[in-house]
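A.B. asks: Let me give you the structure first, and then I'll get to my questions.
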Amino acid sequence: MRTILYSITEKDSGQSIHGFLKSRGYSAAVLRLAKSGKGGVFLNGTPAFSSVRLAPGDRLTVRLDDEKPSGQLIPVCLPLSILYEDEDLLVVDKPAGMPVHPVQCNHFHTLANACAWHLRENGESPVFHCISRLDRDTTGVLVLAKHRYSASRLSAMAARREIHREYLALARGQVPVSGIIQAPIGRVPGSVIARMVRPDGAPACTRYRRLLYKNGYSLVSLCLETGRTHQIRVHMKFIGHPLPGDFLYNPDYRILRRQALHSFRLSFRHPVTGKDMEFTAPLPSDMARAL
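Take the sequence shown: its letters are residues 1235 to 1525, numbered as in my numbering.
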């Protein structure tokens, strides 16, 4: 069970409990979860109705009962590189070759399976709330929520573009020093996976800067203004600098056996405490060797 305590100040005085919690990002679904099982909302230690008005010095407590794990997610003991962990979230460095979620052909060797095992072994409910996903062969920093309130807060931040991510990629050729790629992205006709730049696609914007040029390849830092499927891979191919090892957009495996893309830096406000958080994951060894 996660217990979250709020000390009511003069600023919050006069609000109803419902209004206060709504301002803190509690959705109706999360509040229903809080009231289920052993959870609930308590004012100064006593169960309280949502219409009660708050006064300075009040102590408001929200108890979130443990969520029931999905029977379809099977905990599996797999390597898991944890960068940070607390009661509300888990930040991991995802390796190449590991899908985030189970799929039809892979029910056991995914990040979700590994996290479920880790949580269960630590006496926590093995639920999996992934806020943003990475492709199977993309490495790097990823944030996961441990409960529904944390997940709803982080998801809202992601929708408002308040979770900031910096990628590192290897690209063929000498990429310009810096630039902005604004090119709409849509599906490749006849494919359910591949994407391409097309006039009727969804707006997409990528900012980039070259960090290094060596042996015919550039190390590039990229930040996304939008979040389209395969956006970096499609945009870099569009400007003539595709990523090596990309089976969809540049199946050139001379220096790398997977797309040379890494989620290097992730920054956001903590969903419960509001503290600024920033995490980095070092460039993986296969990309470093390729340079």
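Even for Gly, the Cβ is constructed at its ideal location relative to N, Cα and C.
Determine which residues share a DSSP beta bridge with Met1511 and list them.
C.D. replies: Met1511 is bridged to Phe1502.
A.B. asks: Compute the distance between the beta-carbons of Arg1444 and Val1468, then report whether it is under 8 Å.
C.D. replies: no
A.B. asks: Phe1472 to Gly1461, Cα distance in whole Å?
C.D. replies: 17 Å
A.B. asks: Between the alpha carbons of Gly1259 and Ser1315, how many angstroms are there, rounded?
C.D. replies: 30 Å
A.B. asks: Per DSSP, Leu1353 forms a beta bridge with which residues?
C.D. replies: Per DSSP, none; premise fails for Leu1353.
A.B. asks: Look at the alpha carbon of Gln1249 and the alpha carbon of Arg1287, and state the distance between them as a whole number of angstroms.
C.D. replies: 5 Å
A.B. asks: With His1398 as the anchor, note down where its beta strand (DSSP E) starts and where it stops.
C.D. replies: 1398–1406
A.B. asks: Which residue's Cα is closest to the Cα of Pro1329: Lys1302, Asp1322, Gly1374?
C.D. replies: Closest option to Pro1329, Cα to Cα, is Gly1374.
A.B. asks: With three or more beta-carbon pairs closer than 8 Å as the criterion, would you say the stretch 1374–1394 touches the stretch 1349–1362?
C.D. replies: yes
A.B. asks: Which partner residues does Gly1248 have in the DSSP bridge list?
C.D. replies: Beta-bridge pairing by DSSP links Gly1248 to no other residue.
A.B. asks: Mapping DSSP to helix, strand and coil, what is Ala1392?
C.D. replies: helix
A.B. asks: Between the Cα of Leu1294 and those of Thr1344, Gly1279, Gly1305, spot the shortest distance and give me the residue it belongs to.
C.D. replies: Gly1279
A.B. asks: What's the call for His1363, buried or exposed, on a 16-neighbour Cβ count within 10 Å?
C.D. replies: Answer is buried; the Cβ neighbour count reaches 16.
A.B. asks: Could you tell me the distance, in whole angstroms, from the CA atom of Pro1418 to the CA atom of Gln1493?
C.D. replies: 21 Å
A.B. asks: Could you work out which residue in Pro1313, Glu1321, Arg1367 is closest to His1564 when comparing CA atoms only?
C.D. replies: Nothing in the structure corresponds to residue 1564, since the chain is present only between 1235 and 1525.
A.B. asks: Just to confirm, are Phe1502 and Leu1402 a CB contact at a threshold of 8 Å?
C.D. replies: No, these two residues do not count as a Cβ contact at 8 Å.
A.B. asks: Between the stretch 1389–1408 and the stretch 1440–1454, do three or more beta carbon pairs fall short of 8 Å?
C.D. replies: yes
A.B. asks: List, from N- to C-terminal side, the alpha helix (DSSP H) runs of 4 residues or more that fit wholly inside the stretch 1448–1497.
C.D. replies: 1465–1472
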